[in-house]
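Structure, as structure tokens:
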Amino acid sequence: MSAAAGSRPDYSLNRARRSRELEELAAGGPGAHVDVLVVGLGVTGAGAALDAASRGLSVAAVDAHDLAFGTSRWSSKLVHGGLRYLATGDVGVAHESAVERGTLMERTAPHLVRAQSFVMPLTALTSHRNAALVRAGLRAGDVLRLSARTGRATLPAPRRLSAVETLAAAPGLRRQSLRGGLLSWDGQLADDARLVTAIARTAAGHGARVLTRTRALSLTGGEALLRDELTGQEFRIRARTVINATGVWAAELTEGIRLRPSRGTHLVLRAESLGGLRTGLHIPVPGETNRFVLVMPQDDGRVYVGLTDEPVDGPLPDVPEAPESDIGFLLDILGSVLDVPVRREDVVGAFAGLRPLLETEHTARTADISRRHAVLTSSEGVVTVVGGKLTTYRRMAQDAVDAALTAGRLDAPAPCRTSRIPLVGAAPRPALATLAAPRRLLDRYGTEATAVQALADTDPRLGEPVADGVRTTRAELLWAVRHEGALDESDLLDRRTRVGLVPEDRAAATAAAREALATLADRV
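Numbering (this note's numbering), first residue to last: 40 to 563.
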């Protein structure tokens with residue numbers, strides 16, 4: 040059930056709440072019956088839980104692992120406006136992406152998504168014809184922004200840069216043959232996993248039971264066999280309708296789903312490796328008309344470089360690895376525009392994610408498969424949502440819940456309203472700037488940054504970084520345990536924070552993570 044009218048929503052997720060809500064489900068009786076069961080707590084599953092709960096339905100949302108454990112934490116951390124889809128003629132997906140980007144940046148998550156500039160350097164490798172095509176595409180993308188009613192103050196206009204301006208933005212570029220650059224803007228997430236956490240906590244605030252480490256062993260349209268992965272206890276719950284939002288693993292729970300996963304790999308570099316980069320970069324992939332390698336500066340002193348698009352065959356791993364072939368490809372493309380190429384030893388981390396692309400006929404490459412999402416209902420009434428991309432998660436969730444209501448012959452007390460529901464911590468950036476908290480915390484926690492800072496102020500040690508050269512503080516780990524559902528070291532270092540993207544930093548921060556978890560154990 041949704042939070043009672045007039046009551047203060049409880050957005051906190053923690054071990055105690057998880058145990059209490061699992062006991063209610065496992066005990067049977069009325070507490071074990073829900074309107075909607077969502078399986079999978081990536082961005083789409085969390086979005087579906089929020090959508091259903093905010094319509095006034097009772098919801099349980101489960102995941103065998105953690106929030107954002109799968110694909111949702113391995114993205115480019117961008118909220119795209121759909122420019123690539125315009126180039127392939129997929130106007131519907133392009134417009135949908137632009138609309139959802141505006142929704143995130145201006146209404147639901149302005150604290151987590153900001154405008155990021157990108158420069159495409161114009162070098163001898165980019166013909167005048169291709170440069171003209173890209174420039175036309177950028178203008179079309181700005182028309183998309185206008186059609187989506189996203190304000191110019193949110194996303195500035197694209198324009199041509201001189202060679203001098205291009206070098207000022209990216210001093211590490213090769214000067215020889217550089218004739219300028221093309222400047223554009225898109226949305227950038229502070230952290231994709233934090234977006235999922237915010238969605239899941241907002242769903243919890245609307246009354247959804249959000250249960251990690253809870254595996255769905257089998258599904259039908261009205262029942263599921265679940266297992267608590269911490270205790271091994273198995274139990275059944277009844278649901279009037281079921282949504283399978285497990286992404287690339289969807290076929291393991293529902294028959295008839297045909298996916299063609301693709302791997303997207305990113306590199307993690309230290310900012311100093313790129314010589315004072317002040318903007319993101321779009322680097323054309325030779326021989327391709329609408330593929331680019333993206334260089335994306337982060338606020339933590341790191342830079343992400345990605346991404347690849349390679350088909351994946353065979354068994355799907357829980358945590359994909361970035362192969363050396365992908366790393367070499369990205370370094371080669373990056374080196375094509377730099378004065379001093381980045382070396383393999385400069386790569387301090389790498390990560391890979393699997394896209395849940397729906398298999399289509401007559402498409403040889405995964406790069407050519409449409410990113411349009413699909414909502415499929417099985418003969419047993421289980422609704423599966425696949426395809427799509429992070430930017431359009433809200434619309435995917437809305438469509439999945441609509442289909443689930445139809446499959447379960449269920450009427451919701453209220454219509455979908457997630458395009459107007461601010462996620463926990465949301466506030467306009469001018470309002471956030473008035474809060475007494477560091478900018479880095481404001482970008483990650485929004486209005487809750489003051490509470491995180493207040494926690495750090497209670498003990499000087501909590502204000503300390505978790506490791507040398509890492510900006511994450513001990514207070515952030517403690518906050519994640521108390522309010523964000525973190526249950527172990529991996530939850531803390533690999534998802535609530537992204538310390539773990541650099542193995543060396545992860546090893547150095549492990550002791551601090553254990554201490555945060557032990558502190559909660561002492562409280563309980």
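We treat Cβ as the ideally placed atom computed from N, Cα and C, and that holds for glycine. Fair warning: this is a prediction, and the values are worked out from it, not measured in the lab.
- Under DSSP, P350 shares a beta bridge with S301.
- Apart from sequence neighbours up to five positions away, the residues of its chain that approach G464 with a beta-carbon distance below 7 Å are H150, A237, Y484, G485, T486, E487, ordered along the chain.
- The C-beta of R252 has 16 or more other C-beta atoms within 10 Å across all chains shown, which makes the residue buried.
- Secondary structure in the region 466 to 516: the alpha helix (DSSP H) runs of 4 residues or longer, each lying completely within the stretch, are 468 to 471, 478 to 484, 488 to 496 in chain order.
- In the three-state reduction of the DSSP assignment, A555 falls in the helix class, which pools H, G and I.
- If you draw a straight line from the Cα of G524 to the Cα of S51, it comes to about 8 Å.
- E419 carries a coil assignment under DSSP once its states are collapsed to helix, strand and coil.
- Where N283 is concerned, the enclosing beta strand (DSSP E) starts and stops at 273 to 283.
- In this structure the region 101 to 111 lies against the region 78 to 86, because at least three pairs of beta carbons, one per stretch, are closer than 8 Å.
- When Cβ pairs closer than 8 Å are counted between the two stretches, the region 165 to 181 is seen to touch the region 320 to 331, the count reaching three or more.
- With contacts defined by Cβ atoms closer than 8 Å, V118 and L228 form a contacting pair.
- DSSP, reduced to helix, strand and coil, places D74 within a strand of the structure shown.
- For D225, the number of other beta carbons within 10 angstroms of its own is at least 16, and it is reported as buried.
- Per DSSP, the continuous beta strand (DSSP E) segment holding G319 begins and ends at 319 to 323.
- Of V386, E311, L429, the smallest CA-CA separation from G392 is found for L429.
- Annotation: the continuous alpha helix (DSSP H) that includes L185 extends over 167 to 186.
- The C-alpha of A232 is placed about 27 Å away from the C-alpha of R188.
- Taken through DSSP and simplified to helix, strand or coil, D438 comes out as helix.
- Following the DSSP letters along the chain, one finds T83 inside the alpha helix (DSSP H) bounded by residues 82 to 93.
- Considering only S201, T473, V342, H321, the residue with the shortest C-alpha distance to R309 is V342.
- Here V351 is near S301, since their CB atoms are less than 8 Å apart.
- Ranking P504, L306, R545, A242 by CA distance to the CA of D365 puts L306 first.
- Separation of the CB atoms of I460 and S136 is rounded to 20 Å, and the pair is thereby denied contact status at 8 Å.
- The beta carbon of A71 is closer than 6 Å to those of L64, I276 in its chain, skipping five residues each way along the sequence.
- A548 is positioned such that its CB atom lies closer than 8 Å to that of L532.
- Taken through DSSP and simplified to helix, strand or coil, S58 comes out as helix.
- In this model, F274 and T259 are separated by some 14 Å (Cα to Cα).
- For S257, the enclosing beta strand (DSSP E) begins and ends at 253 to 258.
- Sequence-distant partners of V386 (beyond 5 residues in either direction) whose C-beta falls short of 6 Å from its own C-beta, in its chain, are L306.
- Here V414 is not near A389, since their CB atoms are 8 Å or more apart.
- The criterion of a C-beta distance shorter than 8 Å is not satisfied by V422 and H412.
- An exposed status is given to Q215, since fewer than 16 other beta-carbon atoms sit within 10 Å of its beta-carbon.
- Contact between R218 and A202 holds, since their C-beta atoms are separated by about 6 Å, short of 8 Å.
- Taken through DSSP and simplified to helix, strand or coil, E262 comes out as strand.
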